[in-house]
Amino acid sequence: MAEVKKKPLLSGLLVLFLAAMIFANIGGNMYGGLMPLYLKDLGSSIPQIGLFFTISQIVPLFLQILGGWISDTMGRLRAIAIGSVFGVIGFVPLVLADSWGWLVISVAIGSVARALVGPSFDAFIAEHSSEENRGKVFGISQTIFMIVSVVGPPLGGWLAQDYGFRLMLLVAGVFYLIAAVMRIGMAREAAKTETVKKELSFAGLKSNLSAMAGLMLSGGLSTWILLTDGFRDVSFQLSGNLFPVYMQ
Numbered sequence: 224m225a226e227v228k229k230k231p232l233l234s235g236l237l238v239l240f241l242a243a244m245i246f247a248n249i250g251g252n253m254y255g256g257l258m259p260l261y262l263k264d265l266g267s268s269i270p271q272i273g274l275f276f277t278i279s280q281i282v283p284l285f286l287q288i289l290g291g292w293i294s295d296t297m298g299r300l301r302a303i304a305i306g307s308v309f310g311v312i313g314f315v316p317l318v319l320a321d322s323w324g325w326l327v328i329s330v331a332i333g334s335v336a337r338a339l340v341g342p343s344f345d346a347f348i349a350e351h352s353s354e355e356n357r358g359k360v361f362g363i364s365q366t367i368f369m370i371v372s373v374v375g376p377p378l379g380g381w382l383a384q385d386y387g388f389r390l391m392l393l394v395a396g397v398f399y400l401i402a403a404v405m406r407i408g409m410a411r412e413a414a415k416t417e418t419v420k421k422e423l424s425f426a427g428l429k430s431n432l433s434a435m436a437g438l439m440l441s442g443g444l445s446t447w448i449l450l451t452d453g454f455r456d457v458s459f460q461l462s463g464n465l466f467p468v469y470m471q
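In terms of our numbering, the sequence shown opens at residue 224 and continues consecutively.
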């Protein structure tokens with residue numbers, strides 16, 4: 224009897240998807256931890272740095288739920304592609320900034336990218352992996368993500384130290400642009416095989432918001448997870464974003 228050939232753990236589409244994630248997250252991790260120092264380099268005071276990070280958390284607050292709804296309605300790859308376009312645009316004020324106000328604009332645009340890409344990322348992996356291998360695929364994706372998180376910061380620190388913040392941000396933007404091009408290409412290929420075109424509607428948004436509000440306020444496990452995660456994030460934000468300035 225001929226042996227049944229096993230399917231590869233990662234399909235070609237997933238490999239391409241993870242490759243785009245590598246480029247995008249190298250770019251993001253290059254400057255994320257250095258933002259407090261970049262703000263200080265632009266002449267921002269300590270209270271202004273704190274206010275900046277407060278605003279940077281408030282803006283995504285109103286976009287995350289919308290991002291999940293758009294992902295469910297329009298499809299994972301399309302949502303990720305649209306978000307990646309906003310991510311590339313967000314690098315423009317980041318590179319050209321001469322005051323912290325420009326960085327607020329960059330964060331606002333970048334928040335749209337994160338709101339669309341974030342909810343779609345894990346959902347796409349879950350939908351494109353078999354049930355028996357799903358845990359392994361998630362393990363691989365998280366391992367790659369952590370490796371990228373290790374590579375990005377020292378690369379960004381080296382470029383900022385030797386060549387300045389703007390060149391470092393420009394290089395980070397190029398990494399993200401490569402990821403955006405890959406994601407747009409994937410979304411276009413996926414659109415060719417779609418049989419039903421999904422459109423956004425207010426009725427669909429209202430229905431989804433009601434369902435999510437019920438889940439958050441039900442008082443069950445989901446509510447407690449949200450509360451504990453919220454307290455943990457608040458405690459981290461009290462010091463985490465100002466730590467590079469303190470080290471300096």
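By construction, the Cβ of each residue, glycine as well, lies at the ideal position given by its N, Cα and C atoms.
Pairwise C-alpha distance: residue j and residue i
i, j, result
"Gly273", "Asp264", "15 Å"
"Ser234", "Ala302", "21 Å"
"Pro376", "Ser267", "22 Å"
"Ala346", "Arg299", "7 Å"
"Ser307", "Thr366", "22 Å"
"Met224", "Ser364", "Residue confidence for Met224 is low, a pLDDT of 42 falling below 50, so the modelled location carries little weight and cannot support an answer."
"Lys359", "Asp321", "45 Å"
"Met253", "Ala247", "10 Å"
"Leu317", "Glu350", "34 Å"
"Gln280", "Gly313", "16 Å"
"Leu239", "Asn356", "18 Å"
From the options, residue whose alpha carbon lies closest to that of residue i
i, options, result
"Val282", "Glu354, Leu382, Phe398 and Arg337", "Arg337"
"Met369", "Leu239, Gly251 and Leu232", "Gly251"
"Leu289", "Tyr261, Val340 and Gln384", "Val340"
"Met258", "Leu232, Phe309, Ala403 and Phe276", "Phe276"
Residue i in three-state terms, based on DSSP
i, result
"Thr366", "helix"
"Leu232", "coil"
"Asp385", "helix"
"Leu239", "helix"
"Leu257", "helix"
"Thr416", "coil"
"Gly375", "helix"
"Ser307", "helix"
Every unbroken beta strand (DSSP E) within the stretch 309-362, with a cutoff of 3 residues, ordered by chain: none
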